[in-house]
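Protein chains in written order, with the numbering used here: chain R, 271 to 385; chain L, 14 to 123.
Written out below as structure tokens is the structure these notes cover.
So, in structure tokens, the structure goes:
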């Protein structure tokens, strides 16, 4: 069974552009969470979706949005990119609505570079 | 503001020794704590968790201690191995929110 898959693995964008990152959860998992990890820091929670509804939101501006599809895959959108948005974006899936924990598995992330 | 932090950014130990990684938290509403291991180029990997109604939990070679009085969390790794070399993060969770600490880089010397 495949783990959490994220695409693309690397991405370079220009300031002001928009980006869409994708996440496919482990089969049977209904929850997807998104995190931003700036180099040298711990991940920061952005969103959690469970059963296609937003269940949690971190302290990020409205430029960040996400959605979850009927097959439980998810997209993270970031508009009007800033240099400070350069980071590793991680997706984690879980079968329950609990954030983190024994059942949460992370993907390898999408490395976004904004120039 | 309230935050999760770590006392030491780096830790170097000899293979076979025990390792202790510390974490301070300040949100008294946190009711769930998790330790993650992150190897280079990979996403965080769950190690062990503990709920706020416990003060100790043991896994295979790992133990997490929670001291709510001083808002302190620690991860103990017994008989540290080269494969344990990684960055370790503590995380606290409450009300559908989660915060990670900055991480401690553990290096195991052969």
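We put the CB at the ideal spot given by N, CA and C, even for glycine.
Contact list for residue i against chain R, beta-carbon separation under 8 Å
{"i": "residue 67 of chain L", "result": "Under the 8 Å cutoff, chain R gives no residues; its nearest Cβ is about 14 Å from residue 67 of chain L."}
Closer than 8 Å to chain R by CB, residue i
{"i": "residue 55 of chain L", "result": "yes"}
{"i": "residue 114 of chain L", "result": "yes"}
Interface flag, residue i vs chain L, CB-CB below 8 Å
{"i": "residue 282 of chain R", "result": "no"}
{"i": "residue 315 of chain R", "result": "yes"}
{"i": "residue 346 of chain R", "result": "no"}
{"i": "residue 338 of chain R", "result": "no"}
{"i": "residue 379 of chain R", "result": "yes"}
{"i": "residue 306 of chain R", "result": "no"}
{"i": "residue 309 of chain R", "result": "no"}
{"i": "residue 318 of chain R", "result": "yes"}
Residue interval of the beta strand (DSSP E) (run including residue i)
{"i": "residue 60 of chain L", "result": "58-64"}
{"i": "residue 38 of chain L", "result": "32-38"}
{"i": "residue 102 of chain L", "result": "99-107"}
{"i": "residue 122 of chain L", "result": "117-122"}
{"i": "residue 85 of chain L", "result": "85-90"}
{"i": "residue 291 of chain R", "result": "289-294"}
{"i": "residue 71 of chain L", "result": "69-71"}
{"i": "residue 280 of chain R", "result": "280-283"}
{"i": "residue 345 of chain R", "result": "344-348"}
{"i": "residue 364 of chain R", "result": "357-364"}
Within chain R, the residues that residue i reaches when beta carbons sit closer than 7 Å
{"i": "residue 106 of chain L", "result": "369, 370"}
Partner residues on chain L for residue i, Cβ-Cβ distance less than 7 Å
{"i": "residue 292 of chain R", "result": "By Cβ distance, chain L contributes nothing, its closest Cβ being about 15 Å from residue 292 of chain R, past 7 Å."}
{"i": "residue 312 of chain R", "result": "102, 113, 114, 115, 116"}
8 Å Cβ cut-off: residues of chain L touching residue i
{"i": "residue 325 of chain R", "result": "109"}
Same chain, Cβ closer than 6 Å to residue i, neighbours up to 5 away in sequence not counted
{"i": "residue 93 of chain L", "result": "26, 30, 32, 121"}
{"i": "residue 23 of chain L", "result": "118"}
{"i": "residue 322 of chain R", "result": "338"}
{"i": "residue 342 of chain R", "result": "295, 300"}
Contacts of residue i in chain L (Cβ-Cβ under 9 Å)
{"i": "residue 376 of chain R", "result": "49, 51, 55, 56, 57, 58, 59"}
{"i": "residue 328 of chain R", "result": "110, 111, 112"}
{"i": "residue 360 of chain R", "result": "56, 57"}
Other residues of its chain near residue i: CB distance less than 8 Å, five sequence neighbours each side excluded
{"i": "residue 104 of chain L", "result": "17, 46, 47, 48, 49, 111, 112, 113, 114"}
{"i": "residue 283 of chain R", "result": "289, 351, 382, 383, 384, 385"}
{"i": "residue 307 of chain R", "result": "313, 314, 357, 358, 359, 360, 379"}
Nearest residue (CA-CA) to residue i, options the options
{"i": "residue 357 of chain R", "options": "R/273, R/365, R/279", "result": "R/279"}
{"i": "residue 86 of chain L", "options": "L/99, L/68, L/57", "result": "L/68"}
{"i": "residue 370 of chain R", "options": "L/52, L/55, L/63, L/54", "result": "L/63"}
{"i": "residue 364 of chain R", "options": "R/318, R/332, R/378, R/277", "result": "R/318"}
{"i": "residue 362 of chain R", "options": "R/298, R/293, R/329, R/287", "result": "R/293"}
Same chain only: Cβ atoms within 7 Å of residue i, ignoring 5 sequence neighbours per side
{"i": "residue 373 of chain R", "result": "364, 365, 366"}
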